[in-house]
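K.L.:
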Amino acid sequence: MKKILSITAITTLAALGLTGIANACTVATHDFKPYGTFASRNFDVCLAVQSQFTVYPRNLEFTGATPEETKNTVNWKNKYGYVVIEETNWGNVASEGLNEKGLAAHILYNGKETTVKIDPNKPTINSIKWLHYILGNFSNVNEVLDSIKKYNLHNYPVSVNGKKVKLPIHYKIEDSSGDSAIIEFSDGKVYTYHNPSYTVMANEPNYDEQIQNLLKLSANGKKYSIDNLPGGANSLNRFARTFYSTTILPDTSESQNNAIRDMYSIMNMASVPFNNLECSLAAMIEGKSNQNPEDTWPTVWTSASDLSGKKLYYSSVAVGNRVWVDLNKVDLDKGQKPISVNLEDHSLVGDISDKLK
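Taking mature numbering (1 follows the signal peptide of the UniProt record, and there is no 0), I'd label the letters of the sequence shown as residues -24 to -1, 1 to 333.
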């Protein structure tokens, strides 16, 4: 049976008005028997990126925030090794990752994010660094969600192209069992949506409003088909289009390669072409007030994750080749150092686990 978001699950999510729709990133997951859970995402942005794979081995020391951000921060040594996609010209912000236990995490833009109130009795983690924290310390979705009440998540500025800026974000996480959750920051609180059927996320509005919009689109017995889907680039349209596309994927696959192929095909449905429209994100970073809220951010790269196979794939629109890192082939033992490979290298193709340095 196809994994379809149940009416019982989605009607429990309340919705308010839909405003400020952004155009940046889409993520989806799907289970393919007998190979397990796979994920894919588009990274849509109207700024230059310089991407790299970085593998972080076990037992590295991390801090969740700088002393300038907070005096009471979460510090840790990671239990698990993992691979991430980082943007080196964005202060090495990691937006995508997979650990050796099959936990995957994705950061996406969410223009409706609001700052979470800080409890002075709890330590704090910069929400941009949270991806490192969860991949390094947890093996499944339940463990991550159980941890959230123990600390504050706060969005501190990061360096993007040399300028400090707060990137409003939300998270999707999933594990090799097929469990899935979405974590958002709104009204000064952390909201979690936890259900294996929550397989798609885009940008604003918040997840409950996305689901309410999906219900409206399917009201009065309207049936979608591959020829009858919302075609626009904004987040609501991409969410609906991607959600439908996941429901018609096969439940089984002849190979892991075929499953990756199918996940890439889903992201092709949600991708946005390059264009000459004004970049509201660039305007925000420059401090301009005349931002265009309806601009369209192009897809610059697409990734896919094989959670059971422990492989993270990457394909750049500029380069066009598909590469991946296989965590089974990388030394994650204590005492190793982080190793990286530049994903802007046009000569790379296929498995590049041995190119990490």
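By construction, the Cβ of each residue, glycine as well, lies at the ideal position given by its N, Cα and C atoms. All values derive from a computational prediction rather than experimental measurement.
With respect to the alpha helix (DSSP H) encompassing F219, which residues constitute its N-terminal and C-terminal limits?
P.N.:
Start and end: 211 to 223.
K.L.:
Any idea if E320 is buried or exposed, counting beta-carbon neighbours within 10 angstroms, 16 or more meaning buried?
P.N.:
E320 should be labelled exposed.
K.L.:
Give the straight-line distance between the Cα atoms of S103 and I61, rounded to the nearest whole angstrom.
P.N.:
Between S103 and I61, the C-alpha separation is close to 16 Å.
K.L.:
Looking only at its own chain, which residues have a Cβ that is under 6 Å from the Cβ of F219, when we skip the five neighbours before and after it?
P.N.:
The residues are V176.
K.L.:
Decide if the stretch 81 to 89 is in contact with the stretch 24 to 43; the criterion is three or more beta carbon pairs, one per stretch, under 8 Å apart.
P.N.:
With a cut-off of 8 Å, the stretch 24 to 43 and the stretch 81 to 89 do not count as touching, because too few Cβ pairs lie within range.
K.L.:
Helix, strand or coil for Y85? Go by DSSP, reduced to three states.
P.N.:
It is a strand residue.
K.L.:
So, S16 versus Y240, is the Cβ gap smaller than 8 Å?
P.N.:
Contact flag set, yes.
K.L.:
Among S27, K9, Y32, whose alpha-carbon lies nearest the alpha-carbon of N68?
P.N.:
The shortest Cα separation from N68 among S27, K9, Y32 belongs to S27.
K.L.:
How many whole angstroms separate the CB atoms of T5 and S135, which I take to be in contact at a CB cut-off of 8 Å?
P.N.:
In fact, because the Cβ distance is near 31 Å, the residues do not count as touching under 8 Å.
K.L.:
Given that a residue counts as buried once 16 or more other Cβ atoms are within 10 Å of its Cβ, and exposed if not, what is V325?
P.N.:
Exposed, by the Cβ-count rule.
K.L.:
Give the secondary structure of K(-22) by DSSP, where H, G and I count as helix, E and B as strand, and everything else as coil.
P.N.:
Note on K(-22): pLDDT 35, under 50, position unreliable in the model; the coordinate value appears next. Here K(-22) sits in coil by DSSP.
K.L.:
To the nearest whole angstrom, what separates the beta carbons of K287 and R34, a pair I think is in contact under 8 Å?
P.N.:
Going by Cβ atoms, the distance from K287 to R34 rounds to 19 Å, so no, they are not a contact pair.
K.L.:
Between the C-alpha atoms of L174 and E63, what's the straight-line distance to the nearest angstrom?
P.N.:
The sequence shown places Tyr at residue 174, rather than the Leu named in the question. Rounded to whole angstroms, Y174 to E63 spans 27 Å at the Cα level.
K.L.:
Under 8 Å by Cβ, that's how I've got V276 and F29 pegged, so tell me the actual separation to the nearest angstrom.
P.N.:
Rounded, the Cβ-Cβ distance is 16 Å, inconsistent with contact.
K.L.:
Reducing DSSP to helix, strand and coil, say where A195 ends up.
P.N.:
Reduced to three states, the DSSP call for A195 is helix.
K.L.:
If you count every other CB in all the chains shown that lies within 10 Å of the CB of G296, and 16 or more means buried, which is it?
P.N.:
Exposed, since its Cβ has fewer than 16 Cβ neighbours within 10 Å.
K.L.:
Does DSSP put N97 in a helix, in a strand, or in coil?
P.N.:
Looking at N97 - three-state DSSP - the assignment turns out to be coil, as it is neither helix nor strand.
K.L.:
Step through the CB atoms of chain B and report whether any lies within less than 8 Å of the CB of Y58.
P.N.:
Given the protein chain composition of this structure (a single chain), no chain B is represented.
K.L.:
My parser needs the alpha helix (DSSP H) runs of 4 or more residues fully inside the stretch 102 to 162; what are they?
P.N.:
Taking only runs of at least 4 residues, the alpha helix (DSSP H) segments lying wholly in the stretch 102 to 162 are 106 to 113, 117 to 123.
K.L.:
Could you spell out where the alpha helix (DSSP H) holding D238 opens and where it closes?
P.N.:
Per DSSP, D238 belongs to the alpha helix (DSSP H) from 232 to 246.
K.L.:
Please state the DSSP three-state secondary structure of S279.
P.N.:
The answer is strand: DSSP assigns S279 an E or B state.
K.L.:
For the structure I just gave you, are there three or more beta carbon pairs, one from the stretch 115 to 125 and one from the stretch 45 to 54, closer than 8 Å?
P.N.:
At 8 Å Cβ cutoff, the stretches do not touch.
K.L.:
Specify, as a first and last residue, the run of the beta strand (DSSP E) that V166 falls within.
P.N.:
V166 -> beta strand (DSSP E) spans 165 to 170.
K.L.:
Judging by CA-CA distance, which residue of Y32, E185, H82, N75 is the nearest neighbour of K333?
P.N.:
Among Y32, E185, H82, N75, the Cα nearest to that of K333 belongs to Y32.
K.L.:
With distances taken between CB atoms, is the gap from A280 to F14 smaller than 8 Å?
P.N.:
A contact, by the Cβ cut-off of 8 Å.
K.L.:
Classify L190 as helix, strand or coil using the three-state DSSP reduction.
P.N.:
Residue state, collapsed to three classes: helix.
K.L.:
Unbroken beta strand (DSSP E) runs of length 3 or more, entirely within the stretch 301 to 332: which are they?
P.N.:
Complete beta strand (DSSP E) runs here, min 3: 315 to 318.
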